[in-house]
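Asks: Going down the list, the sequences are from chains X and S.
All residue numbers for the first sequence refer to my numbering, where the first residue is 2 and numbers rise by one.
All residue numbers for the second sequence refer to my numbering, where the first residue is 2 and numbers rise by one.
There are 2 protein chains.
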Amino acid sequence: MFRVFVLFFLIFPAFSQAPIRGFGNDQWKSEHDREEKATAIPQRERLKIYMERMASKPHHAGSAGSRAVAEYALGLFKEWGFDAQIETFEALLPYPTSRSLEMTEPVRYRALLKEPGDDRDQIPTFNAYSATGDVTAPLVYVNYGVPEDYEVLAKLSIDVKGKIVIARYGHSWRGIKPKLAQENGAVGCLIYSDPRDDGYFQGDVYPNGPMRPAQGVQRGSVMDMPLYPGDPLTPGWASVPGAKRLARADAKTILKIPVMPISYGDAQPLLEQLRGPVVPEAWRGALPITYRAGPGPATVRLKLDFDWTNKPVLDVIATIPGGVYKDQWILYGNHHDAWVNGASDPISGAAVLLETARTLAELRRQGWQPKRTIRLALWDGEEFGLVGSTEWTEKHQEELERKAAVYINSDSNGRGAIGAAGSHTLETFMREVLRDLNDPVTQKSLLESTRGGAGIAFKLGALGSGSDYVGFLHHAGVASLNLGFGGADVGGVYHSAYDILDWFHRFSDGELVYGKTLAQVMVSTLIRLADAPVLPFEFHTLSRTVHAYVEDIQKEALKSGGTVDFHDVQAQLTRLHGAALAYDTELTALMKRVASVAPEKLVKVNEALEHAERTLLLADGLPHREWYRHQIYAPGMYTGYGVKTLPGIREAVDAKRWDEANQQVHRVAQALRAMCAQVEEATRLIKLAGE
Amino acid sequence: MFRVFVLFFLIFPAFSQAPIRGFGNDQWKSEHDREEKATAIPQRERLKIYMERMASKPHHAGSAGSRAVAEYALGLFKEWGFDAQIETFEALLPYPTSRSLEMTEPVRYRALLKEPGDDRDQIPTFNAYSATGDVTAPLVYVNYGVPEDYEVLAKLSIDVKGKIVIARYGHSWRGIKPKLAQENGAVGCLIYSDPRDDGYFQGDVYPNGPMRPAQGVQRGSVMDMPLYPGDPLTPGWASVPGAKRLARADAKTILKIPVMPISYGDAQPLLEQLRGPVVPEAWRGALPITYRAGPGPATVRLKLDFDWTNKPVLDVIATIPGGVYKDQWILYGNHHDAWVNGASDPISGAAVLLETARTLAELRRQGWQPKRTIRLALWDGEEFGLVGSTEWTEKHQEELERKAAVYINSDSNGRGAIGAAGSHTLETFMREVLRDLNDPVTQKSLLESTRGGAGIAFKLGALGSGSDYVGFLHHAGVASLNLGFGGADVGGVYHSAYDILDWFHRFSDGELVYGKTLAQVMVSTLIRLADAPVLPFEFHTLSRTVHAYVEDIQKEALKSGGTVDFHDVQAQLTRLHGAALAYDTELTALMKRVASVAPEKLVKVNEALEHAERTLLLADGLPHREWYRHQIYAPGMYTGYGVKTLPGIREAVDAKRWDEANQQVHRVAQALRAMCAQVEEATRLIKLAGE
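#1: Asn209 of chain X by DSSP, collapsed to three states: which one?
#2: Just verifying my parser: in three-state terms, what is the DSSP assignment at Tyr639 of chain S?
#3: Could you check which residue in S:Glu402, S:Arg249 and S:Arg45 has the C-alpha nearest to that of Asp510 of chain S?
#4: Starting from Asp84 of chain S, follow the beta strand (DSSP E) in both directions and report where the run begins and ends.
#5: Consult DSSP for Gly456 of chain X and reduce its assignment to one of helix, strand or coil.
#6: Taking the alpha-carbon of Gly488 of chain X as reference, which of X:Leu461, X:Gly382, X:Ile419 and X:Gln444 has the nearest alpha-carbon?
#7: For the stretch 295-316 of chain X, list every residue whose C-beta sits within 9 Å of some C-beta in chain S, in sequence order.
#8: May I ask you to report which of helix, strand or coil DSSP gives Gly76 of chain S?
#9: Closer than 8 Å between beta carbons: that is the criterion. Which residues of the stretch 247-271 of chain X meet it against chain S?
#10: In chain S, which residues lie with their C-beta within 7 Å of the C-beta of Ile290 of chain X?
#11: Among residues of its own chain, excluding the 5 on either side of Leu574 of chain X, which ones have a beta-carbon nearer than 7 Å to its beta-carbon?
#12: Pick from X:Ala405, X:Gln203, X:Arg436 and X:Glu383: whose alpha carbon is nearest that of Ser413 of chain X?
#13: Where does Tyr145 of chain X sit, in a helix, a strand or coil, going by DSSP?
#14: Kindly say whether Gly637 of chain X, judged by its beta-carbon, lies nearer than 8 Å to any beta-carbon of chain S.
#15: Can you pull the chain S residues whose beta carbon is under 7 Å from the beta carbon of Gly700 of chain X, in chain order?
#16: With which residues is Leu305 of chain X paired in a DSSP beta bridge?
#17: What is the C-beta distance between Val147 of chain X and Ser131 of chain X, in whole angstroms, given that I count them as a contact (C-beta under 8 Å)?
#18: Out of X:Glu601, X:Leu610 and X:Val598, which has the shortest C-alpha to C-alpha gap to Leu536 of chain X?
#19: What did DSSP end up calling Ile687 of chain X once you bin it into helix, strand or coil?
#20: Under 8 Å by Cβ, that's how I've got Tyr142 of chain X and Tyr292 of chain X pegged, so tell me the actual separation to the nearest angstrom.
#21: Out of S:Leu256, S:Ser349 and S:Ala299, state which residue places its alpha-carbon closest to the alpha-carbon of Gly277 of chain S.
#22: What does Ala533 of chain X reach in chain S if we use C-beta pairs closer than 7 Å?
#23: Taking C-beta pairs closer than 8 Å, name the residues in chain X that Pro196 of chain S reaches, listed in chain order.
#24: Kindly indicate the opening and closing residues of the beta strand (DSSP E) around His336 of chain S.
#25: Nearest chain X C-beta to Arg658 of chain S closer than 8 Å, yes or no?
#26: At the level of alpha carbons, what is the spacing between Gln679 of chain X and Thr586 of chain X?
#27: Between the stretch 506-538 of chain S and chain X, which residues of the former have CB atoms less than 9 Å from a CB of the latter, in chain order?
#28: Are the beta-carbon atoms of Leu379 of chain X and Ala138 of chain X separated by less than 8 Å?
#29: Assign Pro97 of chain X to buried or exposed, taking buried as 16 or more other Cβ atoms, counted over all protein chains shown, within 10 Å of its Cβ.
#30: From what residue to what residue does the alpha helix (DSSP H) around Ile177 of chain X run?
#31: Would Val494 of chain S pass as an interface residue toward chain X - the criterion being a Cβ-Cβ separation below 8 Å?
#32: Exposed or buried, which one is Glu512 of chain X when buried takes at least 16 other CB atoms within 10 Å?
#33: Would you kindly work out how many angstroms separate the C-alpha atoms of Ala635 of chain S and Leu191 of chain X, rounded to a whole number?
#34: Give me the residue from S:Ala283, S:Tyr333 and S:Phe540 with the minimum Cα distance to Thr429 of chain S.
#35: With distances taken between CB atoms, is the gap from Leu272 of chain X to Gly189 of chain X smaller than 8 Å?
#36: Would you say Arg169 of chain X reaches chain S, if we count a Cβ-Cβ gap shorter than 8 Å as a contact?
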């Protein structure tokens with residue numbers, strides 16, 4: 002018995018007969034065989050060439066460097082025989098024209114605001130969508146500048162009103178820090194990288210090690226993206242040339258106060274001139290000073306101005322037309338714009354997209370054509386606020402509504418375990434992909450090597466914000482995945498002039514083994530999604546996961562002394578549970594003989610399936626932010642990147658707005674009711690197709 | 002009902018009729034009245050005078066400065082009319098004659114080893130009882146150098162054998178660090194004060210604030226005191242002139258490797274030249290470096306030599322003879338030697354002892370004479386290893402055995418809450434003293450203001466080591482108390498040249514309000530103990546507390562997978578519980594009419610009571626350290642200061658030596674059996690006295 006058991010597992014992968022959702026039972030082996038050949042194509046040497054070409058110079062959005070990268074990618078796509086073009090938008094991308102920070106009291110210090118090795122193509126250190134301003138005020142140290150920190154300040158009787166706050170990076174998306182500072186009455190905001198968080202406290206600094214050196218600065222956008230991402234002047238519509246635009250003063254996502262990131266080299270002279278109470282231990286960083294809150298006597302003048310003109314945003318799009326379901330799209334995107342050279346962010350991911358494209362081209366040369374249309378995108382303007390992808394989804398919204406089945410995203414890729422997040426309807430699909438590919442170092446299956454740990458517990462985490470899936474998932478309702486390796490390549494060069502090839506080669510995926518593996522993941526993911534007779538969505542995971550979210554919120558409500566009546570949602574979840582099981586029963590029956598079913602009989606099934614995620618949108622969006630329409634996931638209003646699940650309800654509970662929470666239950670129930678109907682319809686259509 | 006209740010509490014203290022254990026019911030009021038007058042005598046101005054006189058110059062043990070302080074105190078005692086003298090011992094007090102620390106690889110650095118403002122009377126920075134030595138070896142950073150840290154090093158595959166370790170101060174008594182280094186094969190040990198622990202991370206450094214500046218060094222003894230304290234050459238007997246002595250090589254409490262304390266100014270250049278793994282986050286201090294474990298490449302040469310001659314140790318003893326129970330002693334001591342000026346340690350406490358003495362002199366002038374003999378002691382050589390008090394208890398052991406009822410200790414005193422620890426038989430007594438005096442700042446009773454929190458939960462913590470009660474309690478079996486204010490005066494000048502009057506006045510008990518209050522506590526404690534018709538011991542707390550220790554050890558044993566059979570101890574605790582209740586019943590009966598009982602009828606009762614603590618000793622002491630004879634308390638072998646309760650059993654359990662643990666149960670039971678018999682005998686004698 003024991004020997005048989007062992008033998009079974011030993012031979013199983015070799016025979017490659019593991020089930021693949023969406024394919025007929027008698028198609029599994031041929032699909033495994035095809036993927037085995039396909040995943041042998043990506044080469045590390047090619048990744049190296051793309052990276053050296055794209056990350057050798059600064060290429061922030063709107064710059065000549067960015068145009069050069071876009072045209073290089075366009076040339077490759079065309080060389081590989083794709084229908085490819087650059088789609089251009091004109092978006093508000095502010096560039097700094099004047100920056101100064103000076104401590105005027107109790108001693109003078111003029112901040113350097115400069116990373117060593119600056120060249121003229123390099124955008125200076127700044128936070129995009131800070132206000133223009135010239136303010137002088139005493140400084141207050143606010144730790145990470147998150148809501149809990151303001152509660153601590155209140156206990157210390159420290160008010161930031163009329164002050165300039167200095168927050169450290171970390172523990173929230175950066176844009177939350179100035180947003181909260183502004184809401185609390187501060188007139189300016191500095192954000193610095195404490196060596197405790199990604200400097201010498203963690204390890205040696207570059208060039209001796211991967212961590213942030215004394216003059217390294219984290220650039221980044223502080224646009225109020227939880228309200229809406231993309232061009233602040235065109236919320237909900239595309240910033241194509243000639244489009245109508247808001248007046249800048251009316252754009253709610255632009256900060257009203259000046260904000261600037263600084264290095265710890267520049268922060269130390271300011272922080273050591275603060276008096277007031279010694280801050281709590283958890284607030285203290287690793288600078289050799291006594292951390293105090295202020296206010297003052299350190300008083301600083303922060304003076305910033307920007308070029309507020311529109312600049313070109315260049316999305317590079319390649320298309321491989323589908324041979325059977327031409328109007329069903331599988332999309333895959335990664336941004337190409339960087340803050341400076343961006344070897345890691347985003348070129349490590351963009352290179353993988355190119356190598357995936359080359360692999361598909363090679364497969365086409367060998368005679369393969371996908372059943373569904375594959376669209377590849379290298380987005381521009383991601384760093385400013387997901388601009389290229391957001392404007393593109395807004396421009397193509399009507400077509401996406403009709404045609405988009407799945408959007409796959411990647412961004413920086415590095416050394417470490419695979420991370421996977423996305424729509425719960427794709428969890429079973431993704432588990433199978435990860436089951437069938439091996440980690441390049443452990444040689445165990447990726448499923449066993451996921452960041453969460455052992456394979457059995459694999460879950461697809463919900464998506465908040467932070468990369469280009471936002472427009473697809475939260476606005477357009479396209480089922481999405483976000484994939485990438487990382488976690489073992491800790492460093493402190495994020496968004497700085499130090500994110501260069503030398504850093505990446507020495508401290509991240511230097512041998513590009515994870516890059517090659519990600520290309521294999523992308524190849525498998527794309528060809529399965531493109532070729533499956535039936536799109537591999539599954540709905541039981543959705544009902545189970547949402548049920549867990551409901552329980553979680555109920556606990557939170559109980560803690561806060563409120564009650565939320567989830568009856569309406571529970572009823573729909575029970576119905577969805579039944580519908581998901583019925584769907585799987587019919588699907589299993591069909592899959593025994595799907596090879597003999599004519600593809601045209603499956604068109605309506607697949608259309609019903611790809612629209613399922615759309616049923617989770619409500620047209621008028623979430624409370625206080627209608628651009629975000631998905632009722633199951635959204636980035637948190639005060640976390641920024643961090644996801645809030647069932648956001649309408651959860652954020653009302655967080656704020657103890659009990660009436661709003663109970664109203665939102667009905668809206669979630671409405672979305673789930675539409676999902677149930679959609680799954681039932683898909684089940685009916687499958688039955689029909691099988692007859 | 003409610004009004005009566007409130008009224009009761011309001012008028013209660015005013016009428017001063019709260020019960021006082023050991024006094025007859027009709028004596029409570031007069032005792033309260035007398036204490037009220039007595040506690041009005043101590044003056045802050047006087048404390049200031051003593052402190053300025055005693056802390057103006059360095060006065061380490063064996064020095065001319067120490068002799069001057071001793072003679073000043075002797076003069077005061079005599080001026081106040083006491084029988085007083087200096088008892089001189091000759092003990093091994095090593096002084097450093099040559100110290101050097103140099104990094105030889107990978108860059109040269111010669112450590113300063115010098116606090117600013119050194120003068121020629123100031124003893125250089127050193128660790129007493131380090132070995133003489135000259136060693137050169139790669140450095141290893143061992144965090145706090147406690148047993149758990151060596152477990153972490155083992156996981157990192159780092160061996161300290163043949164290396165010099167550098168540990169930071171904190172998380173254990175300092176002597177544990179070189180002891181463990183030596184046991185693990187290190188050839189030398191440096192101990193430094195990380196700014197994380199008492200430097201700028203905690204607050205501003207001196208002179209701007211109370212914390213340790215960059216060149217501040219914590220001196221201190223590293224004698225292996227958990228084995229035995231006092232002169233290493235005379236374990237168990239007094240180092241009087243002419244006494245026999247061990248050869249230095251045979252003294253087990255002297256380290257075999259060179260050890261030296263250094264400042265963080267001197268530590269940083271060494272630590273930043275370590276490579277090897279980045280240490281775990283909890284190991285990282287607040288220096289602006291990446292903390293790594295080594296070994297090396299930092300290689301240091303540590304060269305130390307000492308003057309190993311004997312030097313005079315001058316205990317100043319004053320006696321107020323008792324009028325009724327002349328051969329029952331109440332003792333109170335505080336050391337007078339310091340590492341440098343010692344404004345806080347020990348002069349803040351020594352000054353309180355002097356003001357308590359003056360108060361007693363004033364009471365005598367008014368006609369009072371204590372019933373019992375009061376002996377006041379200013380000990381010398383405490384800093385080297387409790388030398389003056391240990392040698393004194395060894396010298397007077399036979400007389401202490403017969404006469405000592407209670408020893409009261411204090412040491413540094415400062416701003417904050419009262420801390421009280423001691424023999425559990427004195428818990429009820431101490432609770433009453435603290436009930437009857439007010440905190441100088443909160444004006445609530447000290448009982449409500451104890452460090453542990455609200456009064457109802459007051460417990461007298463068990464005593465480990467760290468001050469001069471050790472010889473009395475652990476070796477001579479004299480019931481002991483250790484009292485002092487502190488905790489709100491955090492600083493970083495401990496054992497450094499910065500422990501001076503300016504620091505004390507600005508950052509600790511500047512107005513001496515806590516000093517005055519401690520004098521009031523001492524006055525009340527002394528006159529109650531000296532005058533109570535029946536010594537105020539109580540035994541129920543002992544049985545209850547030891548019962549809790551047993552439960553605690555049983556849990557630990559269970560966790561470690563062993564079993565200890567406590568049956569013998571449990572049986573004695575049950576018996577003690579009954580005996581304690583019977584004792585209290587008889588005592589209560591006697592107290593209703595004790596004023597009419599002739600004192601000579603109570604002599605035997607009081608003798609029985611004062612011998613009760615002695616029953617908890619066993620003549621052959623604890624395993625591996627016979628000098629420590631108390632079976633209920635001892636300092637931990639690997640904590641140093643921290644107490645281990647039921648030490649024979651507990652340390653065997655900690656080490657998973659289950660046979661030894663079970664043997665030790667019988668020894669504890671033997672001690673408790675003697676205690677039961679003693680309490681039963683005291684009960685019988687009380688009954689007899691009352692007849």
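All C-beta atoms in this analysis are idealised placements derived from N, C-alpha and C, irrespective of residue type, glycine included.
Replies: In terms of the structure at hand:
#1: Asn209 of chain X falls in the coil class under three-state DSSP.
#2: Coil, per DSSP.
#3: Among S:Glu402, S:Arg249 and S:Arg45, the Cα nearest to that of Asp510 of chain S belongs to S:Arg45.
#4: Asp84 of chain S -> beta strand (DSSP E) spans Asp84 to Leu93.
#5: The predicted model places Gly456 of chain X with a pLDDT of 45, which falls under 50 and marks its position as unreliable, so this point remains unresolved.
#6: Per the Cα distances, X:Ile419.
#7: Per Cβ criterion, the list is empty.
#8: Annotated three-state conformation of Gly76 of chain S is helix, per DSSP.
#9: Here the close residues number zero.
#10: Neighbours of Ile290 of chain X on chain S, chain order: Tyr201.
#11: Residues of the same chain with a CB within less than 7 Å of the CB of Leu574 of chain X, apart from the 5 flanking positions on each side, are Ser544, Val547, His548 and Leu673 in chain order.
#12: Ranking X:Ala405, X:Gln203, X:Arg436 and X:Glu383 by Cα distance to Ser413 of chain X puts X:Glu383 first.
#13: Here Tyr145 of chain X sits in coil by DSSP.
#14: At a cut-off of 8 Å between beta-carbon atoms, Gly637 of chain X makes no contact with chain S.
#15: The first residue shown for chain X is 2 and the last is 692, placing residue 700 of chain X beyond what the model contains.
#16: Under DSSP, the beta-bridge partners assigned to Leu305 of chain X are X:Arg100 and X:Gly134.
#17: For a cut-off of 8 Å, the C-beta gap from Val147 of chain X to Ser131 of chain X is around 19 Å, too long to register as a contact.
#18: The option with the nearest alpha carbon to Leu536 of chain X is X:Leu610.
#19: Ile687 of chain X: helix per DSSP, three-state reduction.
#20: Indeed, because the Cβ distance is near 7 Å, the residues count as touching under 8 Å.
#21: The residue from S:Leu256, S:Ser349 and S:Ala299 with its alpha-carbon nearest to that of Gly277 of chain S is S:Ala299.
#22: When 7 Å is used as the limit between beta carbons, Ala533 of chain X is near no residue of chain S, the shortest such separation being about 46 Å.
#23: Result: Pro289.
#24: First-last of the beta strand (DSSP E) with His336 of chain S: Tyr326 to His336.
#25: It does not: the Cβ of Arg658 of chain S has no partner Cβ on chain X nearer than 8 Å.
#26: The C-alpha of Gln679 of chain X lies about 16 Å from the C-alpha of Thr586 of chain X.
#27: If the cut-off is 9 Å between Cβ atoms, the stretch 506-538 of chain S has nothing near chain X.
#28: If you check the CB distance, Leu379 of chain X and Ala138 of chain X do not come in under 8 Å.
#29: Pro97 of chain X should be labelled buried.
#30: That run of the alpha helix (DSSP H) goes Ile177 to Glu184.
#31: It does not; no Cβ of chain X falls within 8 Å.
#32: Glu512 of chain X sits exposed, since fewer than 16 C-beta atoms from the chains shown fall within 10 Å of its C-beta.
#33: Roughly 54 Å separates the two Cα atoms.
#34: If we check each option's Cα against that of Thr429 of chain S, S:Phe540 comes out closest.
#35: No; because the gap between Cβ atoms is not below 8 Å, this pair is not in contact.
#36: Among the residues facing chain S, Arg169 of chain X is not included, as its CB has no counterpart in that chain under 8 Å away.
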